[in-house]
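Here is the structure we will look at, set down as structure tokens.
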DNA sequence: AATAGTACCTTGCAATATATGGTACCTTGT
DNA sequence: ACAAGGTACCATATATTGCAAGGTACTATT
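Chains as they are written, first to last, in my numbering: chain D, 1 to 120; chain B, 1001 to 1120.
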């Protein structure tokens, strides 16, 4: 199991894990435990986080799920992204990029003139 | 007053606004209303967010404050970053950069081998 | 006198990552 | 046979924090 330093700021992850899960599922169907492994390659995530998150995504209609047997342990619950989920993913990616750029500008004092960010 | 689209994901900001405030205060002393203006150039922030945040930073010893009269309205409460605050800022900047890079790798499927992210 | 901008503040709410603890399957070593 | 460890799922309670909504008060403009 891969791990990234668990000192990483918990708050930073708010909302981002949903984005990460949708991005993974847009590539291929995954089961929960697998996604924890994947995401853990890059940012720390606790197992206790993924299952409530997946449940929420399912309730919101962003994903569906199906069971599949496994040789290595109990049956796996695979998740598949829906069309609605794909739309949401696109929206979140765009928002994340805009946000990350905004933060970067603030941190490194680049006050670029962006379209539509001024009242008059 | 500058504004960025207020549709920006609220969750993304968790923890980041603290970082932004500390970065601003590391450049120069600022008062709350001023920081809202500055930050709003790049990411949406509500006025109702900054004052509880500043209060918390003060309680934690990351900043101190002093009053100064103004011609344009009521007295301004300026905030100054402490040595402890500067250390915290450095730590948060590093954590943010690591985090943002991790997310970027996940979004764009760059599974780089980074040092210390594998158990064996 | 009324309005708008500046500048501060408090309270309650909503969202979500995590810790903790639990169930159950399979393989390997003793 | 059985203990241990990895795989795989789940639920609950808690902490953190951004925001909306509402308030006070000063100054300048209409």
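Note that the Cβ used here is the ideal one computed from N, Cα and C, for glycine as well.
Through-space distance from residue j to residue i, alpha-carbon basis
| i | j | result |
| --- | --- | --- |
| residue 34(D) | residue 54(D) | 13 Å |
| residue 1079(B) | residue 31(D) | 48 Å |
| residue 50(D) | residue 56(D) | 10 Å |
| residue 110(D) | residue 1042(B) | 10 Å |
| residue 69(D) | residue 23(D) | 24 Å |
| residue 1027(B) | residue 96(D) | 26 Å |
| residue 87(D) | residue 1098(B) | 28 Å |
| residue 1016(B) | residue 15(D) | 13 Å |
| residue 105(D) | residue 1029(B) | 19 Å |
| residue 1107(B) | residue 1047(B) | 32 Å |
| residue 10(D) | residue 1010(B) | 15 Å |
| residue 1025(B) | residue 1100(B) | 22 Å |
| residue 52(D) | residue 1052(B) | 29 Å |
Cut-off 7 Å between Cβ atoms - residues of its own chain near residue i, not counting five sequence neighbours on either side
| i | result |
| --- | --- |
| residue 114(D) | For residue 114(D), the predicted model reports a pLDDT of 44, less than 50, meaning its position is unreliable; a value from the coordinates is still stated below. So the list is empty, once near-sequence residues are dropped. |
| residue 1001(B) | Confidence in residue 1001(B) is poor, its pLDDT being 43 and thus under 50, which makes the residue's placement too unreliable to answer from. |
| residue 73(D) | none |
| residue 61(D) | 82 and 84 |
| residue 91(D) | none |
Nonlocal neighbours in the same chain, by C-beta distance under 6 Å from residue i, ignoring five residues either side
| i | result |
| --- | --- |
| residue 1008(B) | 1044 |
| residue 137(D) | This structure cannot speak to residue 137(D), because chain D is shown only from 1 to 120. |
| residue 1013(B) | none |
CB-CB length for residue i against residue j, believed under 8 Å
| i | j | result |
| --- | --- | --- |
| residue 63(D) | residue 85(D) | 6 Å |
Given residue i as reference, the closest of the options once Cα atoms are compared
| i | options | result |
| --- | --- | --- |
| residue 1020(B) | 1093(B), 1099(B), 1109(B) and 1105(B) | 1093(B) |
| residue 979(B) | 1108(B), 1089(B) and 1101(B) | Given a span of 1001 to 1120 for chain B in the structure shown, any question on residue 979(B) remains unanswerable. |
Any non-hydrogen atom of the ligand MG closer than 7 Å to residue i Cβ
| i | result |
| --- | --- |
| residue 66(D) | The model depicted lacks the ligand MG and carries no ligand whatsoever. |
Same chain only: Cβ atoms within 8 Å of residue i, ignoring 5 sequence neighbours per side
| i | result |
| --- | --- |
| residue 65(D) | 54, 58, 77, 78, 79 and 80 |
- Item | 3 or more residues per run - each beta strand (DSSP E) lying fully within the stretch 9-88 of chain D | Taking only runs of at least 3 residues, the beta strand (DSSP E) segments lying wholly in the stretch 9-88 of chain D are 63-68 and 76-81.
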